[in-house]
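The numbering used here applies: residue 0 is where the sequence shown begins, and numbers increase by one. The C-beta atom is built at its ideal place from N, Cα and C for all residues, glycine as well. Predicted model, so just to flag it, every value in this text is computed and none were measured.
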Amino acid sequence: MTTSFSVKMLLTSTTVGLTLLFGMPAQASSITVPDSMIVETVNGQNVSIKNTIGLSHGQQLVEINYSDLFQDNADDSGYWVRSESLYLTLEVAENQRYELATPDIYSAEDAREFLDNPQVTLSVNGQQQKNVALLTQSQLLTQLVLR
């Protein structure tokens, strides 16, 4: 019984070690977005985890959608405020934790105002903070054409 247990432990340890060595992408940096935002793609590639994702070193294009449910009163079933795709261009350094934060949004009106001019706070490793504009598709295309 102990030999069987030892073999299982050895196989499990080996499998975990190989998975960590070969199965994990070399993405030591990550970005986290608030619950009201979902990351759809990074550089045009769909992502399966929507709120915290790994990022490769270098220039990244992150596609994000905003959606939140608001209720005016207790009897109200509420309604959603949703954005079209918004884009963040980001120069990713190695081994960094990036985090986006929206301004305080308490109502559907606040959400619509935010979406009229989507500015978020970007922090790096929980410290350096700067305001960053999220771009609409047409703004992104205009920016690319003017380069």
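Closest by CA to residue i, which one among the options?
| i | options | result |
| --- | --- | --- |
| threonine 43 | Arg81, Asp67 and Thr88 | Note that residue 43 is glycine in the sequence shown, not threonine. If we check each option's Cα against that of glycine 43, Thr88 comes out closest. |
| glycine 53 | Ala100, Arg96, Ser76 and Gly125 | Arg96 |
| asparagine 124 | Thr135, Arg111, Glu98 and Gly77 | Glu98 |
| serine 28 | Asp67, Glu93 and Ala132 | Glu93 |
| valine 80 | Asp115, Ser137 and Asp74 | Asp115 |
| valine 131 | Phe113, Ser76, Val144 and Lys49 | Phe113 |
| leucine 85 | Ala73, Met36 and Val144 | Met36 |
| leucine 133 | Asp74, Ser76, Val144 and Leu60 | Leu60 |
Taking the C-alpha atoms as reference points, what is the distance between residue i and residue j?
| i | j | result |
| --- | --- | --- |
| threonine 51 | valine 38 | 8 angstroms |
| leucine 139 | threonine 40 | 15 angstroms |
| proline 24 | isoleucine 30 | Annotation note: pLDDT 47 at proline 24 (below 50); position unreliable, coordinate value reported separately. Using only the alpha carbons, I get a separation of about 15 angstroms. |
| histidine 56 | asparagine 45 | 18 angstroms |
| phenylalanine 69 | threonine 101 | 16 angstroms |
| leucine 121 | aspartate 71 | 30 angstroms |
| glutamine 127 | valine 119 | 13 angstroms |
| arginine 111 | aspartate 67 | 11 angstroms |
| aspartate 103 | isoleucine 48 | 24 angstroms |
| glutamine 142 | glutamine 136 | 10 angstroms |
| aspartate 75 | aspartate 34 | 22 angstroms |
| leucine 145 | alanine 73 | 49 angstroms |
Using the Cβ count rule (16 or more neighbours within 10 Å means buried), how would you classify residue i?
| i | result |
| --- | --- |
| glutamate 62 | buried |
| proline 117 | buried |
| tyrosine 78 | exposed |
| valine 32 | buried |
| glycine 22 | Low confidence applies to glycine 22: its pLDDT is 35, below 50, so where it sits in the model is not reliable, and the reading given next is rough at best. Exposed is the call here. |
| lysine 129 | exposed |
With a cut-off of 8 angstroms on the beta carbons, I'd call residue i and residue j a contact; round off their distance for me.
| i | j | result |
| --- | --- | --- |
| glutamine 58 | glutamate 90 | 6 angstroms |
| serine 82 | tyrosine 105 | Incorrect: roughly 17 angstroms between the Cβ atoms, too far for contact. |
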